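In the working numbering, the protein residues as written are 2 to 101.
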């Protein structure tokens, strides 16, 4: 590892930090090799990460901090919850829901 990259999370073959373009290229190649037809970007992973955190009950302020958002309203918009998940949670926790 080259000096000055001790705090870098992802390093390339030469021990330098990966650029945004390098990550995108690697992701495109990997999804193509895996036969994934849907276009996937690093943002897709960021969005999925935030959504899964929220669906697992993470505090929105924690997610806000992890994503680097200055406003919690940005995090609320960004981490939408799908309708099936909302329905399941309502059935699970609503006092008048019919429990099986």
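Ideal Cβ placement from N, Cα and C applies to all residues, glycine included. Quick caveat, the model's predicted, so the values are computed rather than measured.
Sorted by chain position, which residues of the same chain lie with C-beta nearer than 6 Å to residue 98's C-beta, five sequence neighbours on each side aside?
92
Would you mind stating whether residue 64 and residue 76 have Cβ atoms separated by less than 8 Å?
yes
Based on Cα-Cα distance, which residue from 42, 34, 43, 87 lies nearest to residue 57?
87
Give the straight-line distance between the Cα atoms of residue 5 and residue 78, rounded to the nearest whole angstrom.
36 Å
Residue 34 in three-state terms, based on DSSP:
helix
Quick check on residue 66: does DSSP put it in helix, strand or coil?
helix
I'd like the list of long-range same chain contacts for residue 9, defined as Cβ closer than 6 Å, with 5 residues on each side in sequence excluded.
18
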